[in-house]
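Peer 1:
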Amino acid sequence: MGPVQICSLSEPRYDSVPRDKSNVQKKKKLLERLEEQLAKLEVQATDKEENKQIALGTSKLNYLDPRITIAWCKKFGVPIEKIYNKTQREKFAWAIDMADEDFEF
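All the letters of the sequence shown, read from the start, carry residue numbers 182 to 286 under the numbering used here.
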């Protein structure tokens with residue numbers, strides 16, 4: 182190996198990042214986006230912690246008439262796939278076929 186060269190502190194360094202306005206703006210946008218992601222993750226963590234003791238699917242399957250849920254989905258344009266998984270959709274196919282957006286119990 183050859184000798185190692187050390188630059189003196191008085192020499193200007195040209196390998197540093199230039200401080201132009203566009204770079205600063207990009208970093209600010211990145212910071213804003215990361216802060217939004219952090220806030221979203223904090224909310225998700227709180228929701229997950231609060232819902233540990235609650236069986237969210239139980240009442241949906243055992244106590245609600247699926248026709249009411251299907252009618253609500255159709256009325257407000259919510260995909261049924263967001264409410265019921267594939268097995269539940271197969272189980273409640275009769276309700277999906279029967280209920281329209283104006284269904285009343």
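Idealized CB from N, CA, C, for every residue including glycine.
Helix, strand or coil: how does DSSP classify L245 here?
Peer 2: In the structure shown, L245 sits in coil (DSSP, three-state: anything other than H, G, I, E or B).
Peer 1: Do you know how far the Cα of K241 is from the Cα of F284?
Peer 2: Whole-angstrom Cα-Cα distance: 18 Å.
Peer 1: Decide if F273 is buried, meaning its Cβ has at least 16 other Cβ atoms within 10 Å, or exposed.
Peer 2: F273 is buried by the Cβ-count criterion.
Peer 1: Let me know if Y265 comes out buried or exposed under the rule of 16 or more other beta-carbons within 10 Å of its beta-carbon.
Peer 2: With 16 or more Cβ atoms within 10 Å of its Cβ, Y265 is classed as buried.
Peer 1: Using a 10 Å radius around the Cβ and a threshold of 16 neighbouring Cβ atoms, would you call T268 buried or exposed?
Peer 2: T268 should be labelled exposed.
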